[in-house]
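First up is the structure itself, then whatever we jot down about it.
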Amino acid sequence: MRRCELGIFLPLAMLAASNGGPGFSLKDATGTLHTSAELVRHKATVFLFVATDCPNSNTYAPVMARLDREYSPRGIAFFNVYSDPSETAATVRKHDADFKTPFAALLDPQQVLARETGARSTPEAVVVGPDGKQLYRGEVDNRFVALGKTRYQPTENDLQEALDAILAGKPVAHPVTRVLGCAIPGISE
Amino acid sequence: MRVFVPILIFAACAWAADANKNAVPTFNHDVAPILYKNCSNCHRPGEVAPFALLTYQDAAKRAQQIADITQARVMPPWKATQGYGDFLDVRRLSDEQIATIREWAAHGAPEGDAAEKPAPPKFASGWLAGQPDQIFKMSQPYTIPAEGADLFRCFVIPLNATQDEYVKTVEFRPGNRKIVHHAIFFLDTTGEARKRETVPGRGYSCVGGPGLDITGSLSGWAPGAQPASARGGVAHTIKKGSDLVMQIHYHLDGRQEQDQSSLGLTFAKEPPTKGLTLYVLGNEHIDIPAGDSHYVVKASGILPMDTQAVAIFPHAHYLCKDMKVDAYLPDGTVKPLIWIKDWDFNWQGAYRYASPVPLPKGTRVEMQYTYDNSANNAHNPSNPPKEVKFGEQTTNEMAFAFISLTLANPSDVAEFRRGTRAEFIASMLENGVDEEALGPQRAASLKMLLAAFDKNKNGKIDPDERDALVQFLIRREERQDRQ
Chain X
5 MRRCELGIFL PLAMLAASNG GPGFSLKDAT GTLHTSAELV RHKATVFLFV
55 ATDCPNSNTY APVMARLDRE YSPRGIAFFN VYSDPSETAA TVRKHDADFK
105 TPFAALLDPQ QVLARETGAR STPEAVVVGP DGKQLYRGEV DNRFVALGKT
155 RYQPTENDLQ EALDAILAGK PVAHPVTRVL GCAIPGISE
Chain R
10 MRVFVPILIF AACAWAADAN KNAVPTFNHD VAPILYKNCS NCHRPGEVAP
60 FALLTYQDAA KRAQQIADIT QARVMPPWKA TQGYGDFLDV RRLSDEQIAT
110 IREWAAHGAP EGDAAEKPAP PKFASGWLAG QPDQIFKMSQ PYTIPAEGAD
160 LFRCFVIPLN ATQDEYVKTV EFRPGNRKIV HHAIFFLDTT GEARKRETVP
210 GRGYSCVGGP GLDITGSLSG WAPGAQPASA RGGVAHTIKK GSDLVMQIHY
260 HLDGRQEQDQ SSLGLTFAKE PPTKGLTLYV LGNEHIDIPA GDSHYVVKAS
310 GILPMDTQAV AIFPHAHYLC KDMKVDAYLP DGTVKPLIWI KDWDFNWQGA
360 YRYASPVPLP KGTRVEMQYT YDNSANNAHN PSNPPKEVKF GEQTTNEMAF
410 AFISLTLANP SDVAEFRRGT RAEFIASMLE NGVDEEALGP QRAASLKMLL
460 AAFDKNKNGK IDPDERDALV QFLIRREERQ DRQ
């Protein structure tokens, strides 16, 4: 079924790397266009699916800023992705300024990137390689335990461990982890 | 046939949906009234909840999430188990309301007939109980960081009372509703809080409590709470020279924030006709081995005169999972005062009884709290788990039930306190003197008492020896009070 929907975005899909990685052509909140052609310039690219009104994704703002500081000099690119069609460039700009997000925010109102990567909720992190291959999809860390239950402090930093493995040329130990957060409207069933 | 089966099922479903057309809940007819009454007070712009639940669009895009979180009874947040204490301001959905939301989400969250849409609730701004007689505000804004564990901070504000004053209404106004999770107001007559706040106006860290001998309080606040007005003849007393110690729980939201909260007080013209006191039931002898998933702490006390319970505030830290407090009346009846089965430190608060609970003289109040110090407890601040003892730090534990009691006359308060102190000492002696828990000085003086009143020399105070001991202690306290 997912593949059928991709037909609608055929021109975008054509941009995708040959092995079926995410094809996208999306504007960031400042109006700059980003496409899947950028992937090849980085050792890996992190897409963090977020929402301005999701407390679970908001809580990661300082964590992601720290990861960006630590990993962007080592060849990892970071994007926030807003896949709720009701988010506007203006609200996203204000939100990311308030939360001091140091990297670009992609607006994904057609939910192309969400569908192609399989992200269903915020904050879901997706890491893809230069060839578009998905290397990790899941939680940033394990602080959220169950509905309404948060760990005192995380004991597994899954996203960071994935990035360390990728940079070391090793397979990611847990390439898919579960995410507890807010459903991306219109995506989750 | 293979083709027909799904078609038949589909047709049956369609028929069923048609037949029950009126039964499918809609936002306008069924769900909005539930959300407006129970959720929107916090779930609206500028309040502590992270998103609004006011419009159809607000709710529809989260329909499944709302269904899941209400089904799990995580929201609305209300920890007291139904049937164990009858409380005011209960934030609890009925099973029918939860089922309605679930059905609505399962049917694709329909909006319904626009004509049935209820008007969104109106929320008052400003002081809800009218302009207070006096407003006490944090002297400067306090900055809260973007990240880390939740903060518990005590701010000391002089109340400048030149004589004893009686408070009728207490209303808290959070300076920054996005991050103020709850607040508790203590009174300090010792000047100890001022010493702890080394930089005036900056507050001091107080995870477990204000770190004082708590003699008075002005109750507390949580989002959605209405201003607490004293009930007939009762008033909080502010002793001359008291400081207000405002303990605020800040929930960090991912960005740096500031807060400058205030407390408004309206005073009673007449002195109260009833006494009001805070009864502290607790056990400081806590030593939980690392990994122990079921550690029980008990305490009990006997009320030395006729009382009525008006509120209860159970308190422990992160490891506690279950807390139960019951009153055993002299006539043999058992009155449950509260039972929290999934304690969460971040949702602590005071529970006010719908009507005062009479607890006559001789009532034994018992508490039983259970702790989980295993790695399976996600709230455990230590990973791997460590041995945990009593104390005020995040990595310590506590076991307290603060019960607000009214007494027949204001003048009874002093006698009640003498009686409970005596009872407390007597109950410790019943089980022998625990030197480790008490420290050498207190243990030595208690051993002298034990020796004096332990007539059959069995090393502990038996029930028949207890009365004589309690009377002696009350007389001693009276002498000390007079001096």
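Protein chains in written order, with this note's numbering: chain X, 5 to 193; chain R, 10 to 492.
Even glycine gets a Cβ: it sits at the ideal position worked out from N, Cα and C.
Item: Pull up the DSSP beta-bridge partners for A48/X, would you.; Value: I80/X
Item: DSSP three-state call for S90/X: helix, strand or coil?; Value: coil
Item: Count the other C-beta atoms from every protein chain shown that fall within 10 angstroms of the C-beta of V563/R, then say buried if there are 16 or more, exposed otherwise.; Value: Residue 563/R lies beyond the range of chain R shown here (10 to 492); nothing can be said about it.
Item: Can you name, in chain order, every residue of its own chain whose Cβ lies under 7 angstroms from the Cβ of A166/X, other than the five neighbours on each side?; Value: V131, L139, Y140 and V176
Item: Need the endpoints of the beta strand (DSSP E) that Q357/R sits in, please.; Value: Neither: Q357/R is in no beta strand (DSSP E) and is coded neither H nor E.
Item: Just mark S61/X as buried or exposed, buried being the case when its beta carbon has 16 or more other beta carbons within 10 Å.; Value: buried
Item: Which residues in chain X sit within 9 angstroms of A81/R, going by Cβ to Cβ distance?; Value: A150, L151 and G152
Item: Per DSSP, what are the beta-bridge partners of L111/X in this structure?; Value: Y86/X
Item: Can you name the residues of chain X whose CB is closer than 8 angstroms to the CB of E112/R?; Value: Ordered by position in chain X, no residue passes the 8 angstroms Cβ test against E112/R, which lies about 17 angstroms from the chain.
Item: Against chain X, with Cβ distances strictly below 8 angstroms, would A25/R count as a contact?; Value: Unreliable placement is indicated for A25/R, whose pLDDT of 43 sits below 50; the coordinate value is still reported in the next sentence. With 8 angstroms as the cut-off, A25/R does not count as an interface residue toward chain X.
Item: Tell me L196/R's beta-bridge partners as DSSP assigns them.; Value: G225/R and L253/R
Item: So, is H324/R buried or exposed, given that buried needs 16 or more other C-beta atoms within 10 angstroms?; Value: buried
Item: Quick check: the stretch 210–218 of chain R against the stretch 398–415 of chain R, are at least 3 beta-carbon pairs closer than 8 angstroms?; Value: yes
Item: Is the distance from the Cβ of A158/R to the Cβ of G263/R below 8 angstroms?; Value: no
Item: Please list the residues of the stretch 82–105 of chain X that have a C-beta atom closer than 8 angstroms to any C-beta atom in chain R, keeping them in chain order.; Value: D88, S90, D102, F103 and K104
Item: With a threshold of 8 angstroms between beta-carbons, can R155/X be considered close to chain R, or not?; Value: yes
Item: Taking 8 angstroms as the cut-off, does the stretch 300–317 of chain R touch the stretch 370–377 of chain R (at least 3 CB pairs, one atom from each stretch)?; Value: yes
Item: Put I188/R into one of helix, strand or coil per three-state DSSP.; Value: coil
Item: Verify the CB distance criterion: does D262/R have a CB-CB separation below 8 angstroms to chain X?; Value: yes
Item: Under the three-state reduction of DSSP, which class applies to E156/R: helix, strand or coil?; Value: coil
Item: In whole angstroms, what is the alpha-carbon distance linking I75/R and A68/R?; Value: 8 angstroms
Item: Pull up the distance between the alpha-carbon of D88/X and that of T56/X, whole angstroms please.; Value: 9 angstroms
Item: Please state the DSSP three-state secondary structure of M376/R.; Value: strand
Item: How would you label N382/R, buried or exposed, when you count the other beta carbons within 10 angstroms and need 16 or more for buried?; Value: buried
Item: Short check: CB of L261/R to CB of I188/R, under 8 angstroms?; Value: yes
Item: If I'm right that R203/R touches D252/R with Cβ under 8 angstroms, what's the distance once you round it to whole angstroms?; Value: 6 angstroms
Item: Quick one: Cα of K30/R to Cα of D122/R, how far?; Value: Note on K30/R: pLDDT 49, under 50, position unreliable in the model; no value is reported.
Item: Mind checking the stretch 112–141 of chain X against chain R and listing, in chain order, the residues whose C-beta falls within less than 8 angstroms of any C-beta there?; Value: none
Item: Following the continuous beta strand (DSSP E) through W7/R, name the residue where it begins and the one where it ends.; Value: Here chain R comprises residues numbered 10 to 492, so residue 7/R is not present and cannot be evaluated.
Item: Can you list the residues of chain X that I78/R reaches, using a CB-CB cut of under 8 angstroms?; Value: L151 and G152
Item: Which residues, taken in chain order from the stretch 380–404 of chain R, show a beta carbon closer than 7 angstroms to some beta carbon of chain X?; Value: A387, H388, N389, P390 and N392
Item: Using a C-beta cutoff of 8 angstroms, does D32/X count as contacting chain R?; Value: no
Item: Based on the DSSP secondary-structure assignment, which residues constitute the bridge partners of F53/X?; Value: V85/X and E128/X
Item: Are any of the Cβ atoms in chain R nearer than 8 angstroms to that of N161/X?; Value: no
Item: Taking 8 angstroms as the CB-CB limit, is F409/R close to chain X?; Value: no
Item: Using a Cβ-Cβ distance under 8 angstroms, would Y327/R count as near chain X?; Value: yes
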